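According to this note's numbering, the residues represented by the sequence shown are 1 to 170, in order. All C-beta atoms in this analysis are idealised placements derived from N, C-alpha and C, irrespective of residue type, glycine included. Only a predicted model underlies this, so the values are computations on that prediction, with no experimental measurement involved. Comments concern the structure below.
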Amino acid sequence: MKTPERTEPSTTADERGMLDGWLDHHRETLAWKCSGLDDAQLRQVAVPPSELSLLGLVRHMAEVERGWFRRTLAGEEAPALFCTDEDPDADFHLTEADTWEEANTHWQAEIAHAREVVADRSLDDLAEGKHRSGETFNLRWIYTHMIEEYARHNGHADLIRQRVDGMTGE
Numbered sequence: 001m002k003t004p005e006r007t008e009p010s011t012t013a014d015e016r017g018m019l020d021g022w023l024d025h026h027r028e029t030l031a032w033k034c035s036g037l038d039d040a041q042l043r044q045v046a047v048p049p050s051e052l053s054l055l056g057l058v059r060h061m062a063e064v065e066r067g068w069f070r071r072t073l074a075g076e077e078a079p080a081l082f083c084t085d086e087d088p089d090a091d092f093h094l095t096e097a098d099t100w101e102e103a104n105t106h107w108q109a110e111i112a113h114a115r116e117v118v119a120d121r122s123l124d125d126l127a128e129g130k131h132r133s134g135e136t137f138n139l140r141w142i143y144t145h146m147i148e149e150y151a152r153h154n155g156h157a158d159l160i161r162q163r164v165d166g167m168t169g170e
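Right, here's the structure in full:
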């Protein structure tokens, strides 16, 4: 796996450019935290009994991207990728069969689709679908939430990566 490029968000962009920049920066940061590791390393958990791993975080973020951009924003019927009714946290429950290639393929497809569904929308546009909470969200809120979600999990990724091979960095 090659080391992904990370772009720094603009310090002078308009609101939409700033939100796009920060979301992409955090997406790229998670990919960077996973770079250079094999599947076994990516499956290593943070601190037992926690099941939090880098591969699990990527699978989770694929589910989160899918949920907010496909189901909630665009109103699409999109079943979960990894989670089930029987195991709603299956994105974190890994087996030896779970690979970076599969998880990253799903994650990148969800990111690409998210970019498509936001392209012609304004930040004030309301979601077409319903969130499980029943609340209505505009695109601005979804962007802000996604940045928060990635930032929180990138903090987890920092600690997991340091445990796996000692790598540190922002």
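| Check | Outcome |
| --- | --- |
| CB contact flag (Leu30, Ala114, <7 angstroms) | no |
| Simplified DSSP assignment, three categories, for Leu159 | helix |
| Contained beta strand (DSSP E) runs [length at least 3] in the segment 23-111, N- to C-terminal order | none |
| Alpha-carbon spacing of Glu135 relative to Ile142, whole angstroms | 12 angstroms |
| Minimum C-alpha distance to Gly67 - residue among Arg59, Val117, Ala78 | Ala78 |
| Strand pairing of Leu126, partner residues [DSSP] | Asn138 |
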